[in-house]
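J.: Here you go, one structure.
Protein chains: 2
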Amino acid sequence: MYTSNALKAELHERGWRLTPQRETILQVFQQLPKGNHLSAEELHDKLQDLGTPISLSTIYRTVKLMARMGILRELEFAEGHKHYEINQPAPHHHHHLICVQCNKAIEFRSDSVLKIGAKTAEKEGFHLLDCQLLIQAICPQCQRSIVPNA
Amino acid sequence: MYTSNALKAELHERGWRLTPQRETILQVFQQLPKGNHLSAEELHDKLQDLGTPISLSTIYRTVKLMARMGILRELEFAEGHKHYEINQPAPHHHHHLICVQCNKAIEFRSDSVLKIGAKTAEKEGFHLLDCQLLIQAICPQCQRSIVPNA
DNA sequence: GTACGTGCAAATGGTTTGCAATCGT
DNA sequence: ACGATTGCAAACCATTTGCACGTAC
Chain L
1 MYTSNALKAE
11 LHERGWRLTP
21 QRETILQVFQ
31 QLPKGNHLSA
41 EELHDKLQDL
51 GTPISLSTIY
61 RTVKLMARMG
71 ILRELEFAEG
81 HKHYEINQPA
91 PHHHHHLICV
101 QCNKAIEFRS
111 DSVLKIGAKT
121 AEKEGFHLLD
131 CQLLIQAICP
141 QCQRSIVPNA
Chain A
1001 MYTSNALKAE
1011 LHERGWRLTP
1021 QRETILQVFQ
1031 QLPKGNHLSA
1041 EELHDKLQDL
1051 GTPISLSTIY
1061 RTVKLMARMG
1071 ILRELEFAEG
1081 HKHYEINQPA
1091 PHHHHHLICV
1101 QCNKAIEFRS
1111 DSVLKIGAKT
1121 AEKEGFHLLD
1131 CQLLIQAICP
1141 QCQRSIVPNA
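Below is the structure:
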């Protein structure tokens, strides 16, 4: 479990600061049920509800920062906005099968894919942050009903 | 090679039409050097240069349509805009290793990943369109110089 | 002839940014 | 005290959409 102190240390290492906002956002993601992910907008709403409102700008700045630090995963389906979730250590990374018509998403795991990702990054001297397989497909329900300009 | 006639047939199958614009856009993608991909904006410029201008709206509508038909692959790196390329038959699909700092991209292939993608889609009854492994990482050059709000 | 498709210009909507005030160190 | 960070509102920019005209069939 990634603690506030770890976050603080990592921020300091780079000359940055630990703020209540950053701490709160980290907590929200940690308490999120496994497999869940939030968009910036959803995180904003959730923080309202929790009684610790944080401005949208700060949310965008923070999730971007944490994604770059490798603390969050940035997920990009075909919906036009990004989702974020805690970046589990590699063995827990999961992948997505999504329907390009209705956006239905199915999560799955694959050790082989993770292994390939790790190996590829290593070979090129890159520091691995995240590794996601995105399968775009058409789900059974949508296979009979393609609409032109939806 | 996917011909104009094949496109025409597939469009008609769904009650749509083959227009000069759709035909031209297909040709441009087919003549694109292997591994290249274009954003909507880039395609727009290229069509200007070729002397067959097509409006941006039509371009957006067309690439979206073709991506849904499985003719184009929609690539989404972390740059904020999508890129498109011809959707090769499965064995030629490739994947991307990108640096989240400088956006440098490295392409690679992996039959195992494609196999896993195909199997997963099949198991769920989905009709596979595309399968991309996205590895987000930090390249050697950027590993020493992380900037906060770039 | 009848939808469908195109081009234009305007709207949309997620995300970013400038700036003054505030806060962490 | 200094520079990083926040919040607000305005700006951005890729993409979408309404509508009138044109065109594939």
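Protein chains in written order, with our numbering: chain L, 1 to 150; chain A, 1001 to 1150.
C-beta: ideal position from N, C-alpha, C; glycine also.
All values derive from a computational prediction rather than experimental measurement.
#1: Tell me, please, which residues DSSP counts as bridged to F1108 (chain A).
#2: Anything in the region 1106–1122 of chain A with a Cβ closer than 8 Å to a Cβ of chain L? List those residues in chain order, please.
#3: Give the secondary structure of Y1084 (chain A) by DSSP, where H, G and I count as helix, E and B as strand, and everything else as coil.
#4: State buried or exposed for R73 (chain L), treating a residue as buried only when at least 16 other CB atoms are found within 10 Å of its CB.
#5: Can a CB atom of chain A be found closer than 7 Å to the CB of Q88 (chain L)?
#6: Decide yes or no for the touch test of the region 117–134 of chain L against the region 1032–1050 of chain A: beta carbon pairs closer than 8 Å, at least 3 of them.
#7: Looking only at its chain, what residues have a beta carbon closer than 6 Å to the beta carbon of S1057 (chain A), apart from the 5 residues adjacent to it on each side?
#8: Quick one: which residues of the region 1126–1141 of chain A get their C-beta closer than 8 Å to a C-beta of chain L? List them in chain order.
#9: Could you check which residue in L:P140, L:T3, L:D130 has the C-alpha nearest to that of L18 (chain L)?
#10: How about Q1136 (chain A) and D49 (chain L): do their beta carbons lie closer than 7 Å?
#11: Identify which residue in A:L1133, A:H1094, A:I1138 has its Cα closest to the Cα of S112 (chain L).
#12: With respect to the alpha helix (DSSP H) encompassing L1056 (chain A), which residues constitute its N-terminal and C-terminal limits?
#13: Could you tell me whether any Cβ in chain A is nearer than 7 Å to the Cβ of S39 (chain L)?
T.: Let's see:
#1: By one-based count along the second sequence, residue 1108 (chain A) stands at place 108. F1108 (chain A) pairs with A:H1095.
#2: Taking 8 Å as the upper bound on Cβ-Cβ separation, chain L lies near residues I1106, F1108, S1110, S1112, V1113, I1116, G1117, T1120, A1121 of the region 1106–1122 of chain A.
#3: If you number the second sequence from 1, residue 1084 (chain A) lands on position 84. Three-state DSSP puts Y1084 (chain A) in a strand.
#4: Counting from 1 along the first sequence, the entry for residue 73 (chain L) is found at position 73. When all chains shown are included, R73 (chain L) counts as buried.
#5: Here the question's residue 88 (chain L) lines up with position 88 in the first sequence. Not one chain A Cβ lies under 7 Å of Q88 (chain L).
#6: No, because fewer than three Cβ pairs between the region 117–134 of chain L and the region 1032–1050 of chain A fall closer than 8 Å, the two stretches do not touch.
#7: For the purposes of this step, residue 1057 (chain A) is identified with residue 57 of the second sequence, where counting begins at 1. Cβ within range, chain order: n/a, list empty.
#8: F1126, H1127, L1128, L1129, D1130, C1131, Q1132, L1133, L1134, I1135, Q1136, A1137, I1138, C1139, P1140
#9: Here residue 18 (chain L) refers to the residue found at position 18 when the first sequence is read from its first residue. Among L:P140, L:T3, L:D130, the Cα nearest to that of L18 (chain L) belongs to L:T3.
#10: Your numbering for residue 1136 (chain A) matches position 136 in the second sequence. Your numbering for residue 49 (chain L) matches position 49 in the first sequence. No, these two residues do not count as a Cβ contact at 7 Å.
#11: Taking the first residue of the first sequence as position 1, residue 112 (chain L) is located at position 112. Check the Cα spacing between S112 (chain L) and each of A:L1133, A:H1094, A:I1138: the tightest is with A:L1133.
#12: By 1-based counting over the second sequence, the position of residue 1056 (chain A) is 56. It spans 1056–1069 - the alpha helix (DSSP H) in which L1056 (chain A) sits, taken as one unbroken run.
#13: Taking the first residue of the first sequence as position 1, residue 39 (chain L) is located at position 39. Closer than 7 Å: no.
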